[in-house]
Amino acid sequence: MSRWLSIVPLVVLAALAALFVGWSLKRDPAVKPEALVGQSIPETVLPILNGAQPGPGHVDLKTAGVGKPMLVNVFASWCLPCRVEHPKLMALKQRGVAVVGVAWKDDPVKTRAFLDELGDPYSMVLVDREGRAGLDLGITGAPETFAVDAMGRVVAKFSGPLVDDAEVDRLVEAIQAPPRPLPTATAR
10 MSRWLSIVPL
20 VVLAALAALF
30 VGWSLKRDPA
40 VKPEALVGQS
50 IPETVLPILN
60 GAQPGPGHVD
70 LKTAGVGKPM
80 LVNVFASWCL
90 PCRVEHPKLM
100 ALKQRGVAVV
110 GVAWKDDPVK
120 TRAFLDELGD
130 PYSMVLVDRE
140 GRAGLDLGIT
150 GAPETFAVDA
160 MGRVVAKFSG
170 PLVDDAEVDR
180 LVEAIQAPPR
190 PLPTATAR
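Start counting at 1 in the sequence shown, then tack on 9, and there's your number in our numbering.
Structural data, given as structure tokens:
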């Protein structure tokens with residue numbers, strides 16, 4: 010009898026493993042949660058990249074757009090997909106779209122070399138060397154782009170490199186949408 014009791018945990022583990030495998034086969038890895046959409050962008054304070062050094066100035070993500078709509082692009086010099094999306098970001102700069110870059114888990118010297126090599130599409134680059142902003146934003150990796158309206162609310166998000174014109178246009182349209190009217194007092 011005790012021999013059968015020693016096998017029970019193995020049977021339970023095998024059943025759990027089978028359930029996990031079945032779940033993972035049905036899950037679509039391309040579908041990612043739209044983290045933060047509809048919420049305020051976190052007030053994470055980061056140093057501004059000044060040349061190849063972080064600081065001395067600091068700014069939080071929520072006010073980085075100075076009351077105007079913006080795209081927040083999380084990137085890194087070591088990120089190959091970030092190189093792939095870079096021409097789209099340069100085109101956004103030519104269109105006058107404000108893009109704030111967050112250099113995620115990157116050495117500021119390497120970030121500056123990356124931008125010097127490919128061009129700087131950002132209105133501002135914030136240094137997130139320890140990955141704190143990445144955690145606050147709930148990113149799964151670089152690159153990820155957040156569309157933020159003038160009130161600091163995330164209105165759209167895209168995970169992965171921006172290479173599709175339709176996806177770029179969706180993000181830009183999201184930040185250019187007219188704001189909702191403020192509630193007004195009704196006369197009695």
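Even for Gly, the Cβ is constructed at its ideal location relative to N, Cα and C.
Cβ-Cβ distance between residue i and residue j below 9 Å
{"i": "Val93", "j": "Val172", "result": "yes"}
{"i": "Val163", "j": "Gln48", "result": "yes"}
{"i": "Leu146", "j": "Pro51", "result": "yes"}
{"i": "Val111", "j": "Leu70", "result": "yes"}
{"i": "Gly76", "j": "Ala159", "result": "yes"}
{"i": "Trp113", "j": "Ala142", "result": "yes"}
Which of helix, strand or coil DSSP assigns to residue i
{"i": "Gln62", "result": "strand"}
{"i": "Lys77", "result": "coil"}
{"i": "Val93", "result": "helix"}
{"i": "Ser86", "result": "coil"}
{"i": "Arg138", "result": "coil"}
{"i": "Leu70", "result": "helix"}
{"i": "Arg102", "result": "Note that residue 102 is Lys in the sequence shown here, rather than Arg. Lys102: helix per DSSP, three-state reduction."}
{"i": "Ile57", "result": "strand"}
{"i": "Ala151", "result": "coil"}
{"i": "Lys119", "result": "helix"}
{"i": "Gly110", "result": "strand"}
{"i": "Ser199", "result": "Look at the range of the chain in this structure, 10 to 197, and you will see that residue 199 is not part of it."}
{"i": "Val157", "result": "strand"}
Outcome for residue i when other beta-carbon atoms lying within 10 angstroms are tallied against a minimum of 16
{"i": "Pro78", "result": "buried"}
{"i": "Ile16", "result": "exposed"}
{"i": "Asp178", "result": "exposed"}
{"i": "Leu144", "result": "exposed"}
{"i": "Ala183", "result": "buried"}
Separation of residue j from residue i, as counted between CA atoms
{"i": "Glu139", "j": "Thr120", "result": "14 Å"}
{"i": "Ala122", "j": "Met99", "result": "16 Å"}
{"i": "Val46", "j": "Pro130", "result": "24 Å"}
{"i": "Ile148", "j": "Ala23", "result": "32 Å"}
{"i": "Asp125", "j": "Ala85", "result": "13 Å"}
Beta-carbon proximity list for residue i, same chain, < 8 Å, skipping 5 on both sides
{"i": "Val181", "result": "Leu80, Leu101, Arg104, Val106 and Ala156"}
{"i": "Pro90", "result": "Ala151, Pro152, Gly169 and Pro170"}
{"i": "Val68", "result": "Val54, Leu55, Ile57, Met133 and Leu135"}
{"i": "Trp87", "result": "Asp115 and Lys119"}
{"i": "Pro117", "result": "Leu58, Ala61, Gln62, Pro63, Val136 and Arg138"}
{"i": "Gln185", "result": "Pro78"}
Own chain residues within Cβ distance below 7 Å of residue i, not counting five before or after
{"i": "Gly150", "result": "none"}
{"i": "Glu176", "result": "Phe167"}
{"i": "Lys97", "result": "Leu171, Val172 and Val177"}
{"i": "Gly161", "result": "Ser49, Ile50 and Lys71"}
Beta-carbon contacts of residue i that lie in its chain and below 6 Å, excluding the five residues immediately before and after
{"i": "Leu127", "result": "His95"}
{"i": "Asn82", "result": "Val108, Gly110 and Thr154"}
{"i": "Ala165", "result": "Ala156, Leu180 and Ala183"}
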